[in-house]
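K.L.:
Below is the structure I would like to discuss, written out as structure tokens.
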Amino acid sequence: MKHFILVSVLACISMPIFAAEQVNQTNVKLDKNCSVNPNIERNPLPHTPNNMSLPEFGQGVIGWATGPEGAQQKLNTVTQTDITNYKKNGVNLKILQEWQAFYENETKRNSCNPTAPIRAKLMKKVITLWN
């Protein structure tokens, strides 16, 4: 039991550091004081259309690529044509709202995740363009 607790504590401590280092390797400037707020739970991953994989949904259907640069690029260029394609691929408002809420929570929970706030804004923009 002690071993399990020790491993759990070490994992909690090292995960944000590892995540920050991984992001830093992509030349993204991070706040060196970023952290994961232990008082905010990570929400479960929202649904995807027809239970497609996360990469298929995010990169393939939504087109947010990987990292903050890819999300920002899509945020800057999303069009009504994208909305039509999302609908053809089974995306609906409920799914978009779930993902927006997920990324808004992740933004508050984990300041080491520079992609979350951009994806939250992207989902919000897509929702406003939906009708």
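Counted the way mature numbering (1 follows the signal peptide of the UniProt record, and there is no 0) counts, the sequence shown spans residues -19 to -1, 1 to 112. Think of the CB as a built atom: it goes at the ideal place given N, C-alpha and C, for glycine as much as any other residue. What you are looking at is a predicted structure, and each value in this text was computed from that prediction instead of being measured.
Look at the alpha carbon of Ser16 and the alpha carbon of Ala101, and state the distance between them as a whole number of angstroms.
P.N.:
Along the sequence shown, read from residue 1 onward, the residue named residue 16 stands at position 35. Along the sequence shown, read from residue 1 onward, the residue named residue 101 stands at position 120. Cα to Cα, Ser16 sits roughly 19 Å from Ala101.
K.L.:
How would you label Lys55, buried or exposed, when you count the other beta carbons within 10 angstroms and need 16 or more for buried?
P.N.:
Taking the first residue of the sequence shown as position 1, residue 55 is located at position 74. The residue is buried, with at least 16 neighbouring Cβ atoms inside 10 Å.
K.L.:
Does DSSP put Asn31 in a helix, in a strand, or in coil?
P.N.:
Within the sequence shown, the letter at position 50 stands for residue 31. Note: Asn31 maps to helix in three-state DSSP.
K.L.:
Smallest Cα separation from Asp63: which of Met104, Asn14 and Pro25?
P.N.:
Position 82 of the sequence shown holds residue 63. Among Met104, Asn14 and Pro25, the Cα nearest to that of Asp63 belongs to Met104.
K.L.:
Measure how close the beta-carbons of Gly71 and Pro30 come, nearest whole angstrom, since I'm counting them as under 8 Å.
P.N.:
Along the sequence shown, read from residue 1 onward, the residue named residue 71 stands at position 90. Along the sequence shown, read from residue 1 onward, the residue named residue 30 stands at position 49. Sure, about 3 Å apart at Cβ, within 8 Å.
K.L.:
Could you please give the first and the last residue of the uninterrupted alpha helix (DSSP H) stretch that includes Ala82?
P.N.:
As a first step, residue 82 must be located in the sequence shown, where it is residue number 101. It spans Leu74 to Arg90 - the alpha helix (DSSP H) in which Ala82 sits, taken as one unbroken run.
K.L.:
Looking at the unbroken alpha helix (DSSP H) that takes in Leu103, where does it start and where does it end?
P.N.:
Here residue 103 corresponds to residue number 122 of the sequence shown, with the count starting at 1. Ala97 to Leu110 is the extent of the alpha helix (DSSP H) around Leu103.
K.L.:
Taking the alpha carbon of Ala82 as the point to measure from, which residue in Gly51, Ile99, Cys93 and Thr47 has its own alpha carbon closest?
P.N.:
Translated into the one-based positions of the sequence shown, residue 82 becomes position 101. Of the listed residues, the one whose Cα sits closest to Ala82 is Ile99.
K.L.:
Give me the residue from Gln61, Lys68 and Asn91 with the minimum Cα distance to Lys13.
P.N.:
As a position in the sequence shown, residue 13 is number 32, starting the count at 1. Minimum Cα distance to Lys13 is reached at Asn91.
K.L.:
Between the beta-carbon of Asn20 and the beta-carbon of Asn86, is there less than 9 Å?
P.N.:
Counting from one through the sequence shown, the residue named residue 20 turns up at place 39. Counting from one through the sequence shown, the residue named residue 86 turns up at place 105. Contact flag unset, no.
K.L.:
Let me know the secondary structure DSSP gives Val42 once reduced to three states.
P.N.:
Here the question's residue 42 lines up with position 61 in the sequence shown. In this structure, Val42 counts as helix in the three-state DSSP scheme.
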